[in-house]
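Trainee: These protein sequence lines map, in sequence, to chains A and B. Just so you know, the first sequence maps onto residues 1 to 310 in UniProt numbering. Just so you know, the second sequence maps onto residues 1 to 248 in UniProt numbering. Every residue gets a Cβ at the ideal spot worked out from N, C-alpha and C, and that includes glycine. Note that this is a predicted model, so its numbers are computed, not measured.
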Amino acid sequence: MSVLVIAEHDHRRLFPATRHAVFAAQQLGLDVDVLVAGCDCRDVAVSATALAGVRSVLLAEAAHYAAQTAENLAALVAAQAGPYSHVLTSASAFGKNLLPRIAALLDVEQVSDVCRILSADTFVRPVYAGNALATVRNANAKKVLSIRAAAFSAVEEGGNGTVLEIAASPDLGLVEVLRRDRRDAGRAELGLARVVVAGGRGVGSCDDFNRLLTPLADKLGAALGASYGAVSAGYAAPDLQIGQTGKIIAPDLYVAVGISGAIQHLAGIKDAKIIVAINKDPEAPIFKVADYGLVADLFEAVPALVAALG
Amino acid sequence: MKILVPVKRVVDPCVAVRVKPDASGIDASGVRMSMNPFDEIAVEAAVRFREAGVAAEVVAVSCGVPASQEVLRTAMAIGADRGILVETANELSPLAVAKLLKAVCAEEKPDLVICGKQAVDDDANQTGQMLAALLGWPQATFASALDIVDGRVCVTRDLDDGREALRLPMPAVVTTELGLNEPRYATLPNIMKARKKPLRVVAPGELGGEPSVGVMTIEWAEPPVRRAGVRVESVTDLVDRLRAAKVL
Ligand SMILES: Cc1cc2nc3c(=O)[nH]c(=O)nc-3n(C[C@H](O)[C@H](O)[C@H](O)COP(=O)(O)OP(=O)(O)OC[C@H]3O[C@@H](n4cnc5c(N)ncnc54)[C@H](O)[C@@H]3O)c2cc1C
Ligand SMILES: Nc1ncnc2c1ncn2[C@@H]1O[C@H](COP(=O)(O)O)[C@@H](O)[C@H]1O
Numbered sequence: 001m002s003v004l005v006i007a008e009h010d011h012r013r014l015f016p017a018t019r020h021a022v023f024a025a026q027q028l029g030l031d032v033d034v035l036v037a038g039c040d041c042r043d044v045a046v047s048a049t050a051l052a053g054v055r056s057v058l059l060a061e062a063a064h065y066a067a068q069t070a071e072n073l074a075a076l077v078a079a080q081a082g083p084y085s086h087v088l089t090s091a092s093a094f095g096k097n098l099l100p101r102i103a104a105l106l107d108v109e110q111v112s113d114v115c116r117i118l119s120a121d122t123f124v125r126p127v128y129a130g131n132a133l134a135t136v137r138n139a140n141a142k143k144v145l146s147i148r149a150a151a152f153s154a155v156e157e158g159g160n161g162t163v164l165e166i167a168a169s170p171d172l173g174l175v176e177v178l179r180r181d182r183r184d185a186g187r188a189e190l191g192l193a194r195v196v197v198a199g200g201r202g203v204g205s206c207d208d209f210n211r212l213l214t215p216l217a218d219k220l221g222a223a224l225g226a227s228y229g230a231v232s233a234g235y236a237a238p239d240l241q242i243g244q245t246g247k248i249i250a251p252d253l254y255v256a257v258g259i260s261g262a263i264q265h266l267a268g269i270k271d272a273k274i275i276v277a278i279n280k281d282p283e284a285p286i287f288k289v290a291d292y293g294l295v296a297d298l299f300e301a302v303p304a305l306v307a308a309l310g
Numbered sequence: 001m002k003i004l005v006p007v008k009r010v011v012d013p014c015v016a017v018r019v020k021p022d023a024s025g026i027d028a029s030g031v032r033m034s035m036n037p038f039d040e041i042a043v044e045a046a047v048r049f050r051e052a053g054v055a056a057e058v059v060a061v062s063c064g065v066p067a068s069q070e071v072l073r074t075a076m077a078i079g080a081d082r083g084i085l086v087e088t089a090n091e092l093s094p095l096a097v098a099k100l101l102k103a104v105c106a107e108e109k110p111d112l113v114i115c116g117k118q119a120v121d122d123d124a125n126q127t128g129q130m131l132a133a134l135l136g137w138p139q140a141t142f143a144s145a146l147d148i149v150d151g152r153v154c155v156t157r158d159l160d161d162g163r164e165a166l167r168l169p170m171p172a173v174v175t176t177e178l179g180l181n182e183p184r185y186a187t188l189p190n191i192m193k194a195r196k197k198p199l200r201v202v203a204p205g206e207l208g209g210e211p212s213v214g215v216m217t218i219e220w221a222e223p224p225v226r227r228a229g230v231r232v233e234s235v236t237d238l239v240d241r242l243r244a245a246k247v248l
């Protein structure tokens, strides 16, 4: 029995979420291998060998892995999965897109968003927007698991695994990727950030979202996030959305500005250590979960907070 | 061109469910049920293609208990032409649903399947991708824009750090993101009309049997409750408390 973790990367660097998935994999108490599929991405494989406890890094390089499409990657992983009892990815957009396709090719079920590993076949996952925690037993021959990165630590460096080159699977040619727009990764990654500042519909406009929240995020060294209210109004990009159907975060400090606190939003912030809410409505549901609630007009409170932080 | 839209009956997303005191499941007695919101978005997208003359027919399909007929009627009130209920009282996993949907696809031969990205009860986010794999079709998940141009599907997908534009041949599977569209309200005349649209009920046996389920929930628990903390008086008060809590 051993575990295969599928690495997420941009062909140059390994994404942090993978380090959390490797940490989770090690809790299974089995040997852990990492699969890196990409294009000119040997550096990524080498950095994966340095993760503590990683046995081997399977490296598949081909031009048709450049776009990281689920069709080609799933075919590769399904062909490599034979020796493994467990196949893991992080429950990122990448993992959510890819992993069910792998599970179906292997004819096994998947357990999504695992937040605790109790044994090699028993896992805890949130359901109903995090309003319930289900402990599931997985009787499938292979366990296919997506890992909620924020619920696990990142594995340390210090490994000395080896890179094994493996053959690429044929290009299925099913999908054309016409364009890929990546947001500048200048700011901390939202899903794993230690501090998050998020704005909601109450912020009122895209200009104010940036004008008010960016200085606060800068002062706090925070990642920027948003409610779906702010995303749907066009104040913030969709990849900033926090919640049941957006990103799940677990920062030390979460500051919600002009966010009402709908069930779906709260699903994404339940594991924040400290929640601060700034809202002018004293009845806003966000105050029911906030450790520190400030009833105030955000247009005055946020600049004052920036000033007070010095 | 024919579009198939899988729709699931779920606990209404506005309801905060509770775990039964004996930890045996969710207390769903008397809880309002509705169509999974992502599936409403999928139905809306499909109906717009029919209204634009791009699609000839929109078929809604649901797998589940007899009451799932209600969500098929809702889909038909939005504008789906007919409904299929694969009726079973058993728990279905996303893989089991995908296998039943594959069998429906073998009969219906749709050109496009539009699923929701995620059912808001199990929060699995699996079924569309699994169906695409079982059929050997291309997939475009988390679509925030969707068009059909020269017989190909053009999708903008939302990613963790941006977005990408894909083009896929048909048949294909697409899953919907919240921002794809704003589903219309079903009007009373359309709700009345939907009652007369064809709704076929099939047993899993007619589709080759009910797939087994290997992932079982053995225990349900409430998450740790968060309680309201303190109301701070001012921004300075807030900063002092955050300093005291050592998060600044
Ligand atoms: C299937 C589904 C999935 C969803 N997934 C998500 C998700 O993942 N994440 C998510 O966030 N939402 C999600 N939603 C949407 C969610 O239900 C809410 O609609 C959304 O979170 C509301 O966003 P909001 O709090 O910004 O807006 P609102 O609810 O409109 O709240 C705005 C708040 O701003 C306050 N405000 C206004 N002006 C000021 C001011 N000047 N100063 C201070 N406060 C002010 C108001 O008092 C109010 O509380 C989902 C919904 C559905 C149906
Ligand atoms: N029982 C079901 N009947 C019909 N469609 C379903 C069912 N379960 C899931 N789906 C479809 O698959 C999508 C994703 O569901 P899930 O993988 O369970 O999160 C849903 O939005 C529906 O489009």
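#1: My output table needs one value for K117 of chain B: the three-state DSSP class, helix, strand or coil.
#2: Determine, using beta carbons only, whether R101 of chain A comes closer than 8 Å to chain B.
#3: By the 10 Å Cβ neighbour count, where 16 or more other Cβ atoms means buried, how is N279 of chain A classified, buried or exposed?
#4: Are there 16 or more other CB atoms within 10 angstroms of the CB of residue 249 of chain B, so buried, or fewer, so exposed?
#5: For the stretch 107–139 of chain B, enumerate the residues whose C-beta is nearer than 9 Å to any C-beta of chain A, in chain order.
#6: Taking 8 Å as the cut-off, decide whether the C-beta atoms of A120 of chain A and L28 of chain A are in contact.
#7: Can you list, in chain order, the residues of the stretch 17–43 of chain B whose Cβ is nearer than 7 Å to any Cβ on chain A?
#8: Just to confirm the assignment, what range does the beta strand (DSSP E) spanning K143 of chain A have?
#9: Which residues in the same chain have their Cβ closer than 7 Å to the Cβ of I263 of chain A, if we skip the five residues on either side of it in sequence?
#10: What is the rounded straight-line gap between the Cα of V289 of chain A and the Cα of A222 of chain A?
#11: What is the DSSP secondary structure of G179 of chain B, counted as helix, strand or coil?
#12: From the DSSP secondary-structure annotation, give me the bridge partner or partners of E283 of chain A.
#13: Using 7 Å as the cut-off, classify the Cβ of Y228 of chain A as near or not near the heavy atoms of ligand 1, replying yes or no.
#14: Which chain A residues sit within Cβ distance under 9 Å of I218 of chain B?
#15: Please confirm whether any heavy atom of ligand 1 lies closer than 7 Å to the CB of L240 of chain A.
#16: Considering S112 of chain A, what are the terminal residues of the beta strand (DSSP E) in which it resides?
#17: Measuring CB atoms only, is the stretch 92–105 of chain B touching the stretch 61–72 of chain B, in the sense that at least three cross pairs come out at less than 8 Å?
#18: Would you grab the beta carbon distance between V10 of chain B and S34 of chain B for me? Rounded to a whole angstrom, and I think it's under 8 Å.
#19: Comparing alpha-carbon positions, which option in B:A98, B:A119, B:A165 and B:R195 lies nearest G136 of chain B?
#20: Could you tell me whether the Cβ of D12 of chain B comes closer than 8 Å to any Cβ of chain A?
#21: Using three-state DSSP, classify P189 of chain B as helix, strand or coil.
#22: Would you call V22 of chain A buried or exposed, if buried means 16 or more other Cβ atoms sit within 10 Å of its Cβ?
#23: Find out if the Cβ-Cβ distance for the pair V108 of chain A, I147 of chain A is shorter than 8 Å.
#24: Which word fits P198 of chain B, buried or exposed, when buried means at least 16 other C-beta atoms lie within 10 angstroms of its C-beta?
#25: I'd like to know if A165 of chain B contacts chain A, where contact means its C-beta is closer than 8 Å to some C-beta of that chain.
#26: Can you tell me whether I117 of chain A is buried or exposed? The criterion is at least 16 other CB atoms within 10 Å of its CB, across all chains shown.
#27: Could you spell out the range, first to last residue, of the beta strand (DSSP E) harbouring Q80 of chain A?
#28: List the residues of chain B that Q181 of chain A touches, going by C-beta distances under 8 Å, in chain order.
#29: Tell me which same chain residues have a C-beta within less than 6 Å of the C-beta of V177 of chain A, skipping the five on either side of it?
#30: Quick one: residues in its chain with C-beta nearer than 8 Å to the C-beta of G214 of chain B, no 5 flanking neighbours on either side, listed in chain order?
#31: What number of angstroms, rounded off, separates the C-alpha of L178 of chain B from the C-alpha of T162 of chain A?
#32: Where does E165 of chain A sit, in a helix, a strand or coil, going by DSSP?
#33: DSSP state of P37 of chain B, grouped into three classes?
#34: So, does the CB of S144 of chain B fall closer than 8 Å to a CB anywhere in chain A?
Mentor: Concretely, from the data shown:
#1: Against the second sequence, residue 117 of chain B aligns to sequence position 117. Correct three-state label for K117 of chain B: coil.
#2: Here residue 101 of chain A is taken as the residue at index 101 of the first sequence, counted from 1. Answer yes: the Cβ-Cβ gap between R101 of chain A and chain B drops below 8 Å somewhere.
#3: Reading the first sequence from its first residue, position 279 is the one you call residue 279 of chain A. By the neighbour-count criterion, in which a residue is buried when 16 or more other Cβ atoms sit within 10 angstroms of its Cβ, N279 of chain A is buried.
#4: This structure gives no information on residue 249 of chain B, because the portion of chain B shown stretches from 1 to 248.
#5: If the cut-off is 9 Å between Cβ atoms, the stretch 107–139 of chain B has K117, Q118, V120, D121, D122, D123, A124, N125, Q126, T127, G128, Q129, M130, L131, A132, A133, L134, G136, W137, P138 and Q139 near chain A.
#6: Counting from one through the first sequence, the residue named residue 120 of chain A turns up at place 120. Counting from one through the first sequence, the residue named residue 28 of chain A turns up at place 28. Cβ atoms of A120 of chain A and L28 of chain A: closer than 8 Å.
#7: V17, V19 and I26
#8: As a position in the first sequence, residue 143 of chain A is number 143, starting the count at 1. It spans K143 to I147 - the beta strand (DSSP E) in which K143 of chain A sits, taken as one unbroken run.
#9: As a position in the first sequence, residue 263 of chain A is number 263, starting the count at 1. Answer for I263 of chain A: A129, listed in chain order.
#10: Stepping through the first sequence from its first residue, residue 289 of chain A is reached at position 289. Stepping through the first sequence from its first residue, residue 222 of chain A is reached at position 222. The straight-line gap from Cα to Cα measures roughly 20 Å.
#11: Working through the second sequence from its first residue, we reach residue 179 of chain B at position 179. The answer is helix: DSSP assigns G179 of chain B an H, G or I state.
#12: Position 283 of the first sequence holds residue 283 of chain A. Answer by DSSP bridge pairing: none, since E283 of chain A is not bridged.
#13: Position 228 of the first sequence, counting from 1, holds the residue named residue 228 of chain A. Yes, since a heavy atom of ligand 1 falls inside the 7 Å radius drawn around the Cβ of Y228 of chain A.
#14: The sequence position of residue 218 of chain B within the second sequence is 218, counting from 1. Going along chain A in sequence order, the residues near I218 of chain B (Cβ under 9 Å) are T122, A134, T135, V136 and R137.
#15: Reading the first sequence from its first residue, position 240 is the one you call residue 240 of chain A. Answer for L240 of chain A: no, Cβ out of range of ligand 1.
#16: Numbered from its first residue, the first sequence carries residue 112 of chain A at position 112. Q110 to V114 is the extent of the beta strand (DSSP E) around S112 of chain A.
#17: Counting C-beta pairs closer than 8 Å gives three or more between the stretch 92–105 of chain B and the stretch 61–72 of chain B, which meets the contact rule.
#18: Here residue 10 of chain B is taken as the residue at index 10 of the second sequence, counted from 1. Here residue 34 of chain B is taken as the residue at index 34 of the second sequence, counted from 1. At roughly 7 Å, the Cβ-Cβ gap stays under 8 Å, so V10 of chain B and S34 of chain B are in contact.
#19: As a working mapping, residue 136 of chain B is identified with position 136 in the second sequence. Selected option, being the one with the closest Cα: B:A98.
#20: Within the second sequence, residue 12 of chain B is the residue found at index 12, counting from 1. It does not: the Cβ of D12 of chain B has no partner Cβ on chain A nearer than 8 Å.
#21: For the purposes of this step, residue 189 of chain B is taken as the residue at position 189 of the second sequence. The answer is helix: DSSP assigns P189 of chain B an H, G or I state.
#22: In the first sequence, residue 22 of chain A corresponds to position 22, counting from 1. When all chains shown are included, V22 of chain A counts as buried.
#23: To locate residue 108 of chain A, count along the first sequence from 1; it is residue 108. To locate residue 147 of chain A, count along the first sequence from 1; it is residue 147. No, the pair does not count as a contact, with Cβ atoms beyond the cut-off.
#24: Position 198 of the second sequence, counted from the start, is the residue given in the question as residue 198 of chain B. Under this definition P198 of chain B is an exposed residue.
#25: Stepping through the second sequence from its first residue, residue 165 of chain B is reached at position 165. By this cut-off, A165 of chain B is an interface position.
#26: The count along the first sequence starts at 1 and reaches residue 117 of chain A at position 117. Result: buried.
#27: Mapped onto the first sequence, residue 80 of chain A falls at position 80. Going by DSSP, Q80 of chain A is part of no beta strand (DSSP E) but of the alpha helix (DSSP H) stretching over A70 to Q80.
#28: Start at 1 with the first residue of the first sequence, and residue 181 of chain A comes out as number 181. Reading off the sequence shown, one finds Asp at residue 181 of chain A, where the question assumed Gln. The contacting residues are G162, R163 and E164.
#29: For the purposes of this step, residue 177 of chain A is taken as residue 177 along the first sequence, with counting starting at 1. A67.
#30: Residue mapping note: residue 214 of chain B aligns to position 214 of the second sequence, counting from 1. So the qualifying residues of the chain are S93.
#31: Here the question's residue 178 of chain B lines up with position 178 in the second sequence. Here the question's residue 162 of chain A lines up with position 162 in the first sequence. Answer to the nearest angstrom: the Cα atoms are 42 Å apart.
#32: Residue mapping note: residue 165 of chain A aligns to position 165 of the first sequence, counting from 1. DSSP, read as helix, strand or coil, puts E165 of chain A in strand.
#33: Walking along the second sequence from the start, residue 37 of chain B turns up at place 37. In the three-state scheme derived from DSSP, where H, G and I count as helix and E and B as strand, P37 of chain B is classed as helix.
#34: In the second sequence, residue 144 of chain B corresponds to position 144, counting from 1. Closer than 8 Å to some Cβ of chain A, the Cβ of S144 of chain B qualifies, so yes.
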